[in-house]
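Have a look at the structure below before the remarks.
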Amino acid sequence: MNALLLSAINQIAIAEQPTPKPEPGRSVIKVLASGLCGTDRHIYKGEYPSNKPVILGHEFGGVINSPSPDCKYSAGDLVSVDPNIVCGKCIDCLAGRTAFCPSLIALGVNMNGGFAQYALVPDTQLHKVSNALNPLHLAFIEPTACCIRGLDIAAMQGGEKVAVLGGGVMGQIVAQLSALANASQITMVTRQRARRELAISLGATDSVDPVEKEVESKLQNYDVVFECAGVVETFNLAQKIARRGGSIVVLGLTPEKTMVDFNPFQLVIKELRIQGSFLNPLTQRRAADLVDSGKLRLDPLISRTLSLLEVPEILNKPPGQSDVKYVVVP
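One gets our numbering by counting positions in the sequence shown from 1 and adding 4 to each.
Okay, structure coming up:
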C-alpha cells in the first residue's frame, strides 16, 4: 500500500508499505479521510515529540476492511478512530484523566496512523457511525472530541459571553459548540477576514480583527475565552479580555519550547481561571455521535481535499489565508 512516511525531522515522502493484516484485537480499516492537523506540522518540524519512522495522521476514519476475530463491528462498517491509546488501569485512567496516562501512545504520532491507504487499529479505538455519514466528516471527529473537552472544562451553563481566539478548525468548531451550549454572545477573533465571515455564517454573533486599533476596548468582560490559535499574542490577549472571575481555556498548541508571560497581579485580582485542554479524554464517542447527528456544519470548513502526494508540499508552507481544514483522502 501507499503511505506517507515521516523518516526524520523535515523528511517525509510516499513509501510503499506492507498492507496490514488483522490480528487478535486489531482490525484493518480502509482509510477514507484523514485530517491534516497543526500538530502534524509540529511533528514534521520537530516541535512535537514523536517516534520515527512513523506514518502520520491522527484525525482519521474509514470503513472496516478486515475485522479482527473478536471485533464487535463488521466488514463494511464506517468507523471513527480514537488515536489515543491508554492502559485503562492506572490511577489517571480510572479517574477519567486518560490524557495523563503514563502509557499513552497515539496513532499517527508514536504508531502508524491514517496517512495511508490502510491502517491497523486496536478494536478499542473504533467508534461506529452511520454509513450515511459523509466520509470526509470522519476527519472532524477527533478535533471535535478535543473541542468538546474544552467546553467541558469551561462548564458553560448557558448565557455566557464567549470569545474564540483563532479562526482555524478548532476555533470554528468551538464557536459552533458554544452556540449549541446557548452562549449569549460568541465573538470570533482572528486576523483573516474570510475566517471571521465564515464564523458569522456558522453561528458566531460578531467578529473582531485583533490588529485593529484599540482592539482591547472592543473586547471586554468575557465570561469564557477559548484560546485556539496556539500563539503568544492570543494567550496574552485572553488574559486582558476575560472578566473578573472569568475562565480561559487553552486549546491551541504552541511549539514545545514556547514560553509566555502573564501578570500575577492581574491573575490574582481578577481571579482568572486558566486551564489547558489536552486531547480527548472520554469524548470521542460523544464527538462521533454529534458529527453523525448533523448538528455541526462541517462542509464549509473543508478548504481542500489532498492526495497523499500533495501533503509534503502543504507541510512545507503555512495554510492559506482563508483555508481552515485540509482533508487527506488516501
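Where a beta carbon is used, it is the ideal one built from N, C-alpha and C, also for glycine.
Worksheet item: How about residue 200 and residue 211: are their beta carbons less than 7 Å apart?
Response: By 1-based counting over the sequence shown, the position of residue 200 is 196. By 1-based counting over the sequence shown, the position of residue 211 is 207. It is a contact, given that the beta carbons lie within the stated cut-off.
Worksheet entry | Straight-line gap, residue 7 to residue 170 (C-alpha atoms, nearest Å) | Counting from one through the sequence shown, the residue named residue 7 turns up at place 3. Counting from one through the sequence shown, the residue named residue 170 turns up at place 166. Roughly 31 Å between the two C-alpha positions.
Fill in: C-beta atoms of residue 180 and residue 165 nearer than 7 Å
Along the sequence shown, one-based indexing puts residue 180 at 176. Along the sequence shown, one-based indexing puts residue 165 at 161. Pairing residue 180 with residue 165 gives a Cβ-Cβ distance that is not under 7 Å.
Discussion item. DSSP has residue 289 in a bridge; who is on the other side?
Written reply: Start at 1 with the first residue of the sequence shown, and residue 289 comes out as number 285. For residue 289, DSSP assigns no beta-bridge partner whatsoever.
Fill in: Start-to-end residues for the alpha helix (DSSP H) that takes in residue 165
Here residue 165 corresponds to residue number 161 of the sequence shown, with the count starting at 1. Counting along the chain, no alpha helix (DSSP H) covers residue 165; the unbroken beta strand (DSSP E) around it starts and ends at 165 to 169.
Discussion item. Considering only DSSP beta bridges, list what residue 247 is partnered with.
Written reply: Residue numbering aside, residue 247 sits at position 243 when the sequence shown is read from its first letter. Paired residues: none, contrary to the question.
Item to complete: Go ahead and label residue 273 buried or exposed: buried means 16 or more other beta carbons lie within 10 angstroms of its beta carbon, across all protein chains shown.
Response: In the sequence shown, residue 273 corresponds to position 269, counting from 1. Around the beta-carbon of residue 273, fewer than 16 other beta-carbon atoms lie within 10 Å, marking it exposed.
Worksheet entry | Beta-ladder partner(s) of residue 27, from DSSP | Taking the first residue of the sequence shown as position 1, residue 27 is located at position 23. Note: residue 27 sits in a beta bridge opposite 30.
Item to complete: Kindly indicate which three-state DSSP category residue 282 falls into: helix, strand or coil?
Response: Along the sequence shown, one-based indexing puts residue 282 at 278. The three-state reading of DSSP puts residue 282 in coil, since its state is none of H, G, I, E or B.
Worksheet item: From residue 286 to residue 104, what distance separates their C-alpha atoms?
Response: Locating residue 286 in the sequence shown gives position 282, counting from the first residue. Locating residue 104 in the sequence shown gives position 100, counting from the first residue. Roughly 12 Å separates the two Cα atoms.
Practice prompt. May I ask you to list the residues that DSSP assigns as paired with residue 66?
Written response: Within the sequence shown, numbered from 1, the residue matching residue 66 stands at position 62. Answer is 35, 83, bridged to residue 66.
Worksheet entry | Near the ligand ADP: residue 221 beta-carbon under 6 Å from a heavy atom | This structure lacks the ligand ADP; in fact it carries no ligand of any kind.
Worksheet item: Is it true that the CB of residue 82 sits closer than 7 Å to the CB of residue 133?
Response: The sequence position of residue 133 within the sequence shown is 129, counting from 1. The sequence position of residue 82 within the sequence shown is 78, counting from 1. Closer than 7 Å, so yes.
Item to complete: Would you identify the three-state DSSP class for residue 174, choosing helix, strand or coil?
Response: For this step, residue 174 is matched to residue 170 along the sequence shown. Three-state DSSP puts residue 174 in a helix.
Practice prompt. Say whether the segment 293 to 301 touches the segment 259 to 276, bearing in mind that this needs 3 or more beta-carbon pairs closer than 8 Å, one atom from each stretch.
Written response: Touching, no.
Worksheet item: At a cut of 8 Å, does the segment 212 to 222 reach the segment 133 to 148 through at least three beta carbon pairs?
Response: The segment 212 to 222, when compared against the segment 133 to 148, does not touch it at the 8 Å Cβ threshold.
Item to complete: Sort 177, 311, 309, 308 by Cα distance to residue 298 and report the nearest one.
Response: To locate residue 298, count along the sequence shown from 1; it is residue 294. Answer by Cα proximity: 177.
Item to complete: Closer than 7 Å by C-beta to residue 138: which residues in its own chain qualify, once you throw out the five before and the five after it? Chain order, please.
Response: Position 134 of the sequence shown, counted from the start, is the residue given in the question as residue 138. Excluding sequence neighbours, residue 138 sits near nothing in its chain.
Practice prompt. Could you check what DSSP says for residue 120 in three-state terms: helix, strand or coil?
Written response: Within the sequence shown, residue 120 is the residue found at index 116, counting from 1. Residue state, collapsed to three classes: strand.
Practice prompt. Drop a sphere of 10 angstroms on the beta-carbon of residue 79, count the other beta-carbons inside from all chains shown, and report buried for 16 or more, exposed for fewer.
Written response: Mapped onto the sequence shown, residue 79 falls at position 75. Exposed, because fewer than 16 other Cβ atoms sit within 10 Å of the Cβ of residue 79.
Discussion item. Can you list, in chain order, the residues of its chain with a C-beta nearer than 7 Å to that of residue 330? Leave out the 5 residues immediately preceding and following it.
Written reply: Against the sequence shown, residue 330 aligns to sequence position 326. 40, 307, 308, 310, 318.
Worksheet item: Do residue 118 and residue 61 have their C-beta atoms within less than 7 Å of each other?
Response: Within the sequence shown, residue 118 is the residue found at index 114, counting from 1. Within the sequence shown, residue 61 is the residue found at index 57, counting from 1. Residue 118 places its beta carbon less than 7 Å from that of residue 61.
Worksheet entry | Those residues which DSSP pairs with residue 126 across a bridge | Sequence index remark: in the sequence shown, residue 126 carries index 122 (1-based). The secondary-structure analysis by DSSP pairs residue 126 across a beta bridge with 30.
Worksheet item: Going by DSSP, what residues sit across from residue 226 in a beta bridge?
Response: As a working mapping, residue 226 is identified with position 222 in the sequence shown. Answer by DSSP bridge pairing, in chain order: 246.
Worksheet item: Since residue 308 sits in a beta bridge, which residues does DSSP pair it with?
Response: Counting from 1 along the sequence shown, the entry for residue 308 is found at position 304. Beta-bridge pairing links residue 308 to 330.
Worksheet entry | Option in 87, 111, 207, 256 with minimal Cα separation from residue 300 | In the sequence shown, the residue the question calls residue 300 occupies position 296. Ranking the options by Cα distance to residue 300, first place goes to 207.
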